[in-house]
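In the working numbering, the protein residues as written are 44 to 562.
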Ligand code: SF4
């Protein structure tokens, strides 16, 4: 899943240097509030100026449909209050942490907020190489983050939930940190074949924000904002605020643009399946979820649709917050779709078992009881989930939470994430070892989304794979048009994984010392 939110955070990035921000380091525990300004994307579909922006709007309580049965009773006060292990949140009650509004108020998204947070939660030194062999000071780590943000294609934004799932005693090696907080010292030079829009989505868009590649399926991008930004986002050409390396292609919510997308969907009798993504559908107002859902249900040609959102992985409390209307809207649309004989699902995006907590489980149980089909799409990431134990545990935990493990994706060939890509062989090995260890209906498809717009193919279905050059070749017979009839698509392994290739050298920002690029 995965514009211009140019005004969003770029204007907030400010010009202060890290050193000036660190000039008066605060003591651990002394940064209790991150006054995250929540304005992110102004939308022509929004209500009055100054209102809470789309994702944070809640329907009035009277509209929080009584048709939805609360499972908040399942929340026990003796559940682990893990967020209290983060020094700045040691006094935060479960009631507050489970409030979506508290979560919104405590988003970390500006440099000032991020560096204040890091200064408060990091120890004086953090492990650099293997824990205990070499250390980086707190200031060096923050400087490394600052240089990482400068080089990244994605803006930084993290929810309190995701921040509370990181081990701040050893953030460099933490699988959650690796996904959302870039370190310059971990980055590698881009592979020469890496591009921004590697899947050629813009080329396959007959209407702005609608990608039509497969005969029966289209991808609708109503927004380009997300509650948390992933450093490896495939849609980094459009999602999130402008960064110092990328001026984003605008996909702001707007009625005229949406209507053009709807009109296209209605004009294509072969279209049956719509993915509503972005950005992230969590960033849509509940009324927008209803509007989009009802439009799709009303189209005779559309049989299936899904809302793609990482929300369950990065802000699960929202599902349980009865004062918030997003999940009520989703459940209502799910039920309306069923009554109309159509299928609606939520496609979410978990990459590591540490993203799953008792809050996730309670939220998933609520969705299960309400009959909402939830499927998961995982991205295979180096140092996050590229080992058998972690991937197996993730698949099992998803299944235990009634989340269908649908896809494991080979990491796309996008800029600035070479350190997170694995060679194709890794996904082949994982698929081979996991198949047979879990029930077949829980077995995800291990796929490569072909660079150049060939669509998803089973990773093992390559025409050829040269492990010396790292080049694998695929065909995609079902994807036609725009000169794709006999096209051969190539995926390239990371250069540092090729035989005889040492890891690259990258300097640690302004520290001026060289380091191995793999963290
Ligand atoms: S949730 Fe992450 S991967 Fe999905 S669109 Fe947003 S930034 Fe991209």
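Even for Gly, the Cβ is constructed at its ideal location relative to N, Cα and C.
*Under 7 Å Cβ to Cβ from residue 307, same chain only, skipping five residues before and after it: list those, please.*
249, 250, 253
*Nearest to residue 234 (by Cα), restricted to the options 433, 416, 348, 464*: 464
*Return the chain-ordered list of same chain residues with a C-beta closer than 7 Å to the C-beta of residue 522, the five sequence neighbours on each side being excluded.*
256, 257, 497, 498
*For residue 329, does the count of other Cβ atoms within 10 angstroms reach 16, so buried, or fall short, so exposed?*
Around the beta carbon of residue 329, a 10 Å sphere encloses 16 or more other beta carbons of the protein chains shown; the residue is thus reported as buried.
*I think residue 532 touches residue 483, with their Cβ atoms under 8 Å apart; what is that distance to the nearest whole Å?*
Between residue 483 and residue 532 the Cβ distance is about 28 Å, and since that is not below 8 Å, they are no contact.
_Taking the alpha helix (DSSP H) that residue 262 belongs to, which residues open and close that run?_
Careful: residue 262 lies outside any alpha helix (DSSP H), inside the beta strand (DSSP E) at 260 to 263.
*Could you have a look at residue 344 and say whether DSSP puts it in helix, strand or coil?*
coil
*asked:* Whether or not the region 372 to 388 and the region 343 to 354 are in contact is what I'm after, with contact meaning three or more pairs of Cβ atoms, one per stretch, closer than 8 Å; do they touch?
replied: yes
*Answer yes or no: the CB of residue 509 versus the heavy atoms of ligand 1, is any distance below 6 Å?*
no
*How about residue 280 and residue 240: do their beta carbons lie closer than 7 Å?*
yes
*If you draw a straight line from the alpha carbon of residue 177 to that of residue 213, how long is it in whole angstroms?*
C-alpha separation (whole angstroms): 12 Å.
*Straight-line CA distance for residue 542 to residue 536?*
11 Å
_Residues bridged to residue 250 (per DSSP)_ = 253
*Looking at C-beta atoms only, is the number of pairs between the region 283 to 290 and the region 217 to 227 that lie closer than 8 Å three or more?*
no
*Which residue's Cα is closest to the Cα of residue 270: 323, 525, 448?*
Closest by alpha carbon: 323.
*Roughly how many whole angstroms lie between the Cα atoms of residue 128 and residue 210?*
If you draw a straight line from the Cα of residue 128 to the Cα of residue 210, it is about 9 Å long.
*Hey, out of 457, 342, 414, whose CA is closest to residue 445's CA?*
414
_Range of the contiguous alpha helix (DSSP H) that encloses residue 235_ = First-last for residue 235: undefined, no H or E at that position.
*Do residue 417 and residue 394 have their C-beta atoms within less than 7 Å of each other?*
no
*Can you list, in chain order, the residues of its chain whose CB lies under 8 Å from that of residue 456, leaving out five sequence neighbours each side?*
234, 236, 237, 238, 241, 464, 494, 534, 535
*When every heavy atom of ligand 1 is checked, does at least one fall within less than 6 Å of the C-beta of residue 323?*
Yes, Cβ of residue 323 sits closer than 6 Å to a heavy atom of ligand 1.
*So, is residue 524 buried or exposed, given that buried needs 16 or more other C-beta atoms within 10 angstroms?*
exposed
*Let me know the secondary structure DSSP gives residue 498 once reduced to three states.*
strand
*Hey, residue 263 and residue 304 are a contact pair by Cβ (cut 8 Å); roughly how many whole angstroms apart?*
In this structure residue 263 is in contact with residue 304, their Cβ atoms being roughly 6 Å apart against a cut-off of 8 Å.
*Can you list, in chain order, the residues of its chain whose CB lies under 6 Å from that of residue 203, leaving out five sequence neighbours each side?*
Beyond the five residues adjoining it in sequence on each side, residue 203 comes within less than 6 Å, by CB distance, of 146, 149 in the same chain, given in chain order.
*Are three or more beta carbon pairs between the region 362 to 379 and the region 424 to 440 nearer than 8 Å?*
no
*Name the DSSP bridge partner or partners of residue 423?*
453
*asked:* Please state whether the Cβ-Cβ distance between residue 340 and residue 319 is less than 7 Å.
replied: 7 Å or more divides the Cβ of residue 340 from the Cβ of residue 319.
*In chain order, what residues of the same chain lie with their CB nearer than 6 Å to the CB of residue 260, ignoring the 5 residues before and after it?*
Here the set comprises 316.
*Residues that residue 357 bridges to, as DSSP identifies them*: None; residue 357 has no bridge partner.
*So residue 151 packs on residue 201, CB below 8 Å; how close in whole Å?*
5 Å
*ligand 3 heavy atom lying under 6 Å from the CB of residue 503*: By its list of ligands, the structure shown excludes ligand 3, since it contains just ligand 1.
*Leaving aside the five residues before and after residue 57 along the sequence, list all residues of the same chain whose C-beta is less than 8 Å from its C-beta, in chain order.*
Confidence in residue 57 is poor, its pLDDT being 34 and thus under 50, which makes the residue's placement unreliable; the coordinate value appears in the next sentence. So the list reads 153, 154, 155, once near-sequence residues are dropped.
*How about residue 449 and residue 408: do their beta carbons lie closer than 7 Å?*
no
*Does the separation of the CB atoms of residue 396 and residue 437 fall below 7 Å?*
Yes, Cβ-Cβ distance for residue 396 and residue 437 is below 7 Å.
*Apart from the five residues on each side of it in sequence, which residues of its chain come closer than 8 Å, Cβ to Cβ, to residue 383?*
340
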